[in-house]
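**Student:** Take a look at this one; I'll ask things after.
Chains as they are written, first to last, in the working numbering: chain V, 1 to 558; chain D, 1 to 307.
Below, the structure written as structure tokens:
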């Protein structure tokens, strides 16, 4: 058994070294490429919003409570917002759906929260632009004359670099339009070249355009404001899907003018009235006939999903669901930085006091418990930075300790349980714990509670010694008899953490959850370090110093 | 052998002395504010804005700007110094906030926005509901756990009930004192307060379990001794450990209170009070209650020590 104890000790030291490697401020991280295995991880502490400063917004679907919301629509909205947020240049933004009607957006370190909010909230700009005889492929980014409209005199023109777009006041007044004659409900036909698959989800991404050649600026004919509704339909004859558009009064008038002027009657060359969302082309139909009554249809080789999506996008801008800001929190960076400093201070002071207390009150066993406590701290920090791999190592060590010393079954159970949890976390992508103030408080508190297990053992040990047991057997008895108390009391803490976690998740704020996570993590790791690790240390100490201790009860803390 | 449980009537009295002011404060709060503790915007909905100006400002003047912008029920107060103000109002639209800050800058000079929170009323109501559920669930779970852990002991149900009684004692002490602080120091209960209360519940039971565990162990070992004596012995055996653990937690919490971030101070204070109450209630409430239940006597009779 003594030899096995040494092996276990070595394993513990190795894990400690790994943890230190992970925690070091300028840790080089883990970058390996071994054939198919490629690991590229940097180890650093993730700071939450309240430490970094930043913005947290809770968006809620702005629909009547009883109106059903398509789950896909909310996900879509989240994706679109995610793209918009990316354009802001925020490092590590978070956009997540919550439940069936909410989206959480967290932007750490964002410099200008108000700009961010405006970007998130605004509905996208829908434009019908005068593309002339030019067919604009999907996804093309265009510049438009918006807010200067065609009805105010804007025209599609080519600007040389540096040339300024003419404004309404400098343009000549519009020429009279030809009177409307046709009354047929005519369709804007989309050339069949564009198949349904090409009408992909238009995602507004910023494309930096640095024109060296003259830029074509397209006149905006209609905007989303002129659109009254857009609905998908199915042609009973052809079986094709399309989108049915209805325009407002003002829109109808403008549309009638424009289509009358530029109808191509389905003869080449086609005249295109392209549709753009946030300056990106989603559709380029050409005008077959004049359309006087403000109804038009976009038809083509679409699937049902595509027309559904297009209709929603046309109705709401790029957001398939109208969203309103339900909750918003901004933290200025100075407040955050102060908190970090004070947390570190508080943690250090607290830890030192605990270490001293154990040393003074229990002397030699106290010193060993202190070492175990430091190891405990290292492990926790390593988990915060590296995530599930460290949990994996810890669980393996627990199982290993059982194998080394077949006395207690519980390290095996605990280790196996942790192993299963690790796989769950690994698949969920648990890469580390984001530290918020409550999370740090949870960690510091768990450090204070961590010695509880040690105290239980040492007190029991003293009792056994007083009852006349020998040194070694008193120690072993101390550990095994105290275990049931430790287990039961820690389980009640874990139950509390579980409830706190549940409470935190409905609240939509990471704060409460952070506390629950660090506390729970601390409890689990502590069950291991306080017992197995301390016992390993003590066995080692007794082997080397046993004789001296037997004569010097004081050093033993009795 | 020193008898702790003998003096139990004193402990109950002490507990009552601490709880009653808190209870009074809570009742007063309910009557005046509609809730036992002052609630922050997390529960009620509303907006919180903290601004730092470049020079001292008069809260009343700042408030005027809000009133003019249709935010009528706004309160403004200075916090850490004359230049920093904390503004509470109804739920604020970010666009409105922009505009108002612009006006404030025109009137008072440069302004730095330290933090801004606005919670919609729907979310606030939801949080309140979840909070109530969380506390109820916590109590249920823990009761179930205790009954399970002590199932082999005769009359296991009593242990569960006494532990819950101690837990309720801790909740009353914590919430009661917080209510007082709300009335006197304007402390508001936010999500963190609830976290602290739930944590106190968890730890309160932890302490109780350790003592009950020892009693459970001693009962078969000391047959023939009256219950009161066994319990007393168990208490004395565990008191070292309880105090030592308690001290460590208190050290850490006091360090956090003194050095920790300002936003955490209330949270840590609640934890501190709760934890101390937790240990006290485990030793001086839960266990004596067990004895009362068993013996039917509220006031202990001094017994001659049996060796």
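Using N, Cα and C, we set each Cβ at its ideal position, and we do this for glycine too.
1. To test your reading of the DSSP string, which unbroken beta strand (DSSP E) runs of 3 or more residues are found completely within the segment 76-158 of chain V?
2. Please report how far the alpha carbon of residue 85/V lies from the alpha carbon of residue 284/V, in whole angstroms.
3. As a quick exercise: from 81/V, 479/V, 445/V and 450/V, pick the residue whose alpha carbon is nearest that of residue 461/V.
4. Reducing DSSP to helix, strand and coil, say where residue 278/V ends up.
5. Beta-carbon of residue 479/V versus every beta-carbon of chain D: anything under 9 Å?
6. Between residue 110/V and chain D, is there a C-beta pair that is closer than 9 Å?
7. How many whole angstroms separate the CB atoms of residue 60/V and residue 102/V, which I take to be in contact at a CB cut-off of 8 Å?
8. Could you tell me which of 135/D, 11/D and 170/D sits nearest to residue 195/D, measuring between CA atoms?
9. Determine the DSSP secondary structure at residue 367/V, reduced to helix, strand or coil.
10. Compute the Euclidean distance between the alpha carbons of residue 172/V and residue 151/V, then round it to the nearest angstrom.
11. Measuring only the C-alpha atoms, how far is residue 245/D from residue 171/D?
12. Taking the C-alpha atoms as reference points, what is the distance between residue 293/D and residue 492/V?
13. Starting from residue 119/D and walking both ways along the alpha helix (DSSP H), at which residues does that stretch end?
14. Residues in its own chain within less than 8 Å of residue 5/D by CB, not counting five upstream and five downstream?
15. For the 8 Å Cβ check, are there 3 or more pairs between the segment 257-272 of chain V and the segment 230-247 of chain V?
16. Measuring straight from C-alpha to C-alpha, what distance separates residue 250/V and residue 430/V?
17. Kindly list the residues whose CB is nearer than 6 Å to the CB of residue 481/V, restricted to its own chain and excluding five residues on each side of it in sequence; keep chain order.
18. Smallest Cα separation from residue 292/V: which of 275/V, 252/V, 267/V and 276/V?
19. Does chain V have any CB closer than 9 Å to the CB of residue 77/D?
20. Count the other C-beta atoms from every protein chain shown that fall within 10 angstroms of the C-beta of residue 278/V, then say buried if there are 16 or more, exposed otherwise.
21. Taking all protein chains shown into account, do 16 or more other C-beta atoms lie within 10 angstroms of the C-beta of residue 360/V, making it buried, or fewer, making it exposed?
22. In this structure, how does DSSP classify residue 216/V when only helix, strand and coil are distinguished?
23. Using a Cβ-Cβ cut-off of 9 Å, state whether residue 294/V counts as contacting chain D.
24. Specify the secondary structure class of residue 409/V as computed by DSSP and reduced to three states.
25. Have a look at the DSSP bridge pairing and note the partners of residue 232/V.
26. At which residues does the alpha helix (DSSP H) containing residue 204/D begin and terminate?
27. If we count the other Cβ atoms within 10 Å of its Cβ and call it buried at 16 or more, is residue 137/V buried or exposed?
28. Label residue 255/D either buried or exposed according to how many other C-beta atoms from any shown protein chain fall within 10 Å of its C-beta, with 16 as the threshold for buried.
29. Kindly list, in the order they appear in chain D, the residues whose Cβ is closer than 7 Å to that of residue 346/V.
30. Check whether the Cβ atoms of residue 373/V and residue 355/V sit closer than 9 Å, and answer yes or no.
31. Alpha carbon to alpha carbon, how far is residue 77/V from residue 362/V? Give it in angstroms, no decimals.
32. Using 8 Å as the threshold, is the segment 57-64 of chain D in touch with the segment 205-223 of chain D, meaning 3 or more CB pairs across them?
33. From which residue to which residue does the beta strand (DSSP E) around residue 84/D run?
34. Is it right to say residue 488/V is buried, meaning 16 or more other beta carbons lie within 10 angstroms of its own, or is it exposed?
35. In chain V, which residues lie less than 8 Å from residue 247/D when you measure between Cβ atoms?
36. Could you pull the DSSP bridge partners for residue 283/V from this structure?
**Tutor:** Based on what the coordinates show:
1. Counting only runs of 3 or more, we get 94-98, 102-108, 126-132 and 143-149.
2. As a first step, residue 85/V is located in the first chain; it is residue number 85 there, counting from the start. As a first step, residue 284/V is located in the first chain; it is residue number 284 there, counting from the start. Take the alpha-carbon of residue 85/V and the one of residue 284/V: they are about 28 Å apart.
3. Within the first chain, numbered from 1, the residue matching residue 461/V stands at position 461. When only C-alpha atoms are compared, the closest one is 479/V.
4. Here residue 278/V is taken as the residue at index 278 of the first chain, counted from 1. Looking at residue 278/V - three-state DSSP - the assignment turns out to be coil, as it is neither helix nor strand.
5. By one-based count along the first chain, residue 479/V stands at place 479. Output row for residue 479/V: interface = no.
6. Counting from 1 along the first chain, the entry for residue 110/V is found at position 110. For residue 110/V, the answer is no, since every Cβ of chain D falls outside 9 Å of its Cβ.
7. Here residue 60/V is taken as the residue at index 60 of the first chain, counted from 1. Here residue 102/V is taken as the residue at index 102 of the first chain, counted from 1. About 5 Å separates the two Cβ atoms, so the contact holds.
8. Here residue 195/D refers to the residue found at position 195 of the second chain. Residue 135/D is the option with its Cα nearest to residue 195/D.
9. Position 367 of the first chain, counted from the start, is the residue given in the question as residue 367/V. Of the three classes helix, strand and coil, the one that applies to residue 367/V here is helix, per DSSP.
10. Here residue 172/V refers to the residue found at position 172 when the first chain is read from its first residue. Here residue 151/V refers to the residue found at position 151 when the first chain is read from its first residue. Note that residue 172/V scores a pLDDT of 33, beneath 50, so its modelled location is shaky; the value from the coordinates is reported in the next line. Computed Cα separation, rounded: 12 Å.
11. Translated into the one-based positions of the second chain, residue 245/D becomes position 245. Translated into the one-based positions of the second chain, residue 171/D becomes position 171. Roughly 20 Å between the two C-alpha positions.
12. The residue labelled residue 293/D in the question sits at position 293 within the second chain. The residue labelled residue 492/V in the question sits at position 492 within the first chain. Straight-line Cα distance between these residues: approximately 24 Å.
13. Translated into the one-based positions of the second chain, residue 119/D becomes position 119. DSSP places residue 119/D outside any alpha helix (DSSP H); the residue lies instead in the beta strand (DSSP E), whose first and last residues are 111-119.
14. Reading the second chain from its first residue, position 5 is the one you call residue 5/D. Within the same chain, 228, 231, 232, 235, 287, 288, 291 and 300 come within 8 Å of residue 5/D by CB-CB distance, once the 5 residues on both sides are set aside.
15. With contact defined as three or more Cβ pairs closer than 8 Å, the segment 257-272 of chain V and the segment 230-247 of chain V are not in contact.
16. Taking the first chain and counting its residues from 1, the one referred to as residue 250/V is at position 250. Taking the first chain and counting its residues from 1, the one referred to as residue 430/V is at position 430. Cα-Cα distance, rounded: 54 Å.
17. Locating residue 481/V in the first chain gives position 481, where the first residue counts as 1. The residues are 460.
18. One-based indexing of the first chain puts residue 292/V at position 292. Residue 252/V is the option with its Cα nearest to residue 292/V.
19. The residue labelled residue 77/D in the question sits at position 77 within the second chain. Taking Cβ atoms only, chain V never reaches closer than 9 Å to residue 77/D, which makes this a no.
20. Taking the first chain and counting its residues from 1, the one referred to as residue 278/V is at position 278. Around the C-beta of residue 278/V, 16 or more other C-beta atoms lie within 10 Å, and the residue is accordingly described as buried.
21. Locating residue 360/V in the first chain gives position 360, counting from the first residue. Taking a 10 Å sphere around the C-beta of residue 360/V, we find fewer than 16 other C-beta atoms and assign the residue as exposed.
22. One-based indexing of the first chain puts residue 216/V at position 216. Residue 216/V carries a strand assignment under DSSP once its states are collapsed to helix, strand and coil.
23. In the first chain, residue 294/V corresponds to position 294, counting from 1. With a threshold of 9 Å between beta carbons, residue 294/V makes no contact with chain D.
24. Taking the first chain and counting its residues from 1, one reaches residue 409/V at position 409. Three-state DSSP puts residue 409/V in coil, outside helix and strand.
25. Here residue 232/V refers to the residue found at position 232 of the first chain. Looking at the DSSP assignment, residue 232/V forms a beta bridge with 243/V.
26. The residue given as residue 204/D occupies position 204 in the second chain. Run containing residue 204/D: 191-221, per the alpha helix (DSSP H) assignment.
27. Taking the first residue of the first chain as 1, we reach residue 137/V at position 137. By the neighbour-count rule (16 or more Cβ atoms within 10 Å), residue 137/V is not buried but exposed.
28. Taking the second chain and counting its residues from 1, the one referred to as residue 255/D is at position 255. Looking at its Cβ environment, which holds 16 or more other Cβ atoms inside 10 Å, residue 255/D is buried.
29. Taking the first chain and counting its residues from 1, the one referred to as residue 346/V is at position 346. Residues of chain D with a Cβ closer than 7 Å to the Cβ of residue 346/V are, in chain order, 255, 256, 259 and 260.
30. Within the first chain, residue 373/V is the residue found at index 373, counting from 1. Within the first chain, residue 355/V is the residue found at index 355, counting from 1. Yes.
31. Along the first chain, one-based indexing puts residue 362/V at 362. Along the first chain, one-based indexing puts residue 77/V at 77. Roughly 60 Å separates the two Cα atoms.
32. By the Cβ rule, the segment 57-64 of chain D does not count as touching the segment 205-223 of chain D, because fewer than three pairs are nearer than 8 Å.
33. Within the second chain, numbered from 1, the residue matching residue 84/D stands at position 84. 84-89 is the extent of the beta strand (DSSP E) around residue 84/D.
34. In the first chain, residue 488/V corresponds to position 488, counting from 1. With 16 or more other Cβ atoms within 10 Å, it is buried.
35. Locating residue 247/D in the second chain gives position 247, where the first residue counts as 1. Simply 357.
36. Your numbering for residue 283/V matches position 283 in the first chain. Per DSSP, the beta bridge partners of residue 283/V are 275/V.
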